[in-house]
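Participant: Handing you a structure now.
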Ligand code: RTP
Ligand code: MG
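Here it is as C-alpha cells:
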C-alpha cells in the first residue's frame, strides 16, 4: 500500500475535553506519523472555506459556528493508506453510529461536535493539507 498524507483536525470539543494526547496516541499506535501540527483559532472565512463543499447544506452555518467556537489542532498524518486508516480510526460521522473503540465513539456525543475531521480521499487530502500548511511546515521523515 502506498504511503499517503491526510489532514486531521482535532475539533474544539475534543480540545476542550483535554484529549489531544489520547487522540494522537491512537494515530501513532496505528502507525501514522504526525509530520506537521499546529493549534489555531479558525475564523468564519477560514472554516467556511475549508468546508466549502458543504456550503449549500442546511448544517453549514452550525458547522462553521462550531469549528470557530474554540481552538483546533490541525495536523498532517503520514503512513501507509493514511486516508482510509484515519477514517477507520475516527468512526462514523454520527458518534451514535460509530463503531466501539473508534475516536468518535469514545470521545464524541453529537454529529455536530464529533471530535475529529479526516480527509475523505487522497484528492481531498492534497487540497486540505495545502489549505493549512506550506511545504516548509511539513517535516518529511
Ligand atoms: P469531517 O468532514 O468533519 O471529517 O466529517 P465527515 O467527513 O465524517 O462528514 P461530512 O459529511 O464531511 O460533514 C462534515 C461535518 O458536518 C457535520 N454534519 N452535520 N447535521 C447533519 O446532518 C450533519 N452532517 C454532517 C458533522 O460535524 C461533520 O463532521
Ligand atoms: Mg468530510
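In the numbering used here, the protein residues as written are 54 to 194. Quick reminder that beta carbons are idealized off the backbone N, C-alpha and C, glycines included. Bear in mind that the values here come from a model prediction, so they are computed numbers and not experimental data.
Would residue 88 and residue 131 be called neighbours here (beta carbons separated by less than 8 Å)?
Facilitator: As a working mapping, residue 88 is identified with position 35 in the chain shown. As a working mapping, residue 131 is identified with position 78 in the chain shown. Result yes, Cβ atoms of residue 88 and residue 131 sit closer than 8 Å.
Participant: Contact defined as beta carbons within less than 8 Å: I believe residue 58 pairs with residue 129. What is the distance between those atoms, to the nearest angstrom?
Facilitator: As a position in the chain shown, residue 58 is number 5, starting the count at 1. As a position in the chain shown, residue 129 is number 76, starting the count at 1. Sure, about 5 Å apart at Cβ, within 8 Å.
Participant: Report the option in 183, 95, 174 whose CA atom is closest to the CA atom of residue 140.
Facilitator: Locating residue 140 in the chain shown gives position 87, where the first residue counts as 1. Of the candidates 183, 95, 174, the one whose C-alpha sits nearest the C-alpha of residue 140 is 174.
Participant: Please classify residue 167: is it buried, with 16 or more other beta-carbons within 10 angstroms of its beta-carbon, or exposed?
Facilitator: Residue numbering aside, residue 167 sits at position 114 when the chain shown is read from its first letter. With 16 or more Cβ atoms within 10 Å of its Cβ, residue 167 is classed as buried.
Participant: Pick out whichever of 142, 115, 112, 81 has its Cα sitting closest to the Cα of residue 159.
Facilitator: Within the chain shown, residue 159 is the residue found at index 106, counting from 1. It is 142.
Participant: Between the alpha carbons of residue 74 and residue 109, how many angstroms are there, rounded?
Facilitator: Walking along the chain shown from the start, residue 74 turns up at place 21. Walking along the chain shown from the start, residue 109 turns up at place 56. So the two alpha carbons sit approximately 34 Å from each other.
Participant: Which class does residue 127 belong to by DSSP, given the choice of helix, strand or coil?
Facilitator: Residue mapping note: residue 127 aligns to position 74 of the chain shown, counting from 1. Residue state, collapsed to three classes: strand.
Participant: Start and end of the alpha helix (DSSP H) containing residue 143?
Facilitator: Counted from its first residue, the chain shown places residue 143 at position 90. Segment 135-143, the alpha helix (DSSP H) holding residue 143.
Participant: Cα-Cα, which of 86, 162, 95 is closest to residue 148?
Facilitator: Taking the chain shown and counting its residues from 1, one reaches residue 148 at position 95. Selected option, being the one with the closest Cα: 162.
Participant: Among residues of its own chain, excluding the 5 on either side of residue 134, which ones have a beta-carbon nearer than 6 Å to its beta-carbon?
Facilitator: Taking the chain shown and counting its residues from 1, one reaches residue 134 at position 81. Correct list, in chain order: 54.
Participant: Checking the sheet assignment: what are the DSSP bridge partners for residue 89?
Facilitator: Locating residue 89 in the chain shown gives position 36, where the first residue counts as 1. Note: residue 89 sits in a beta bridge opposite 129.
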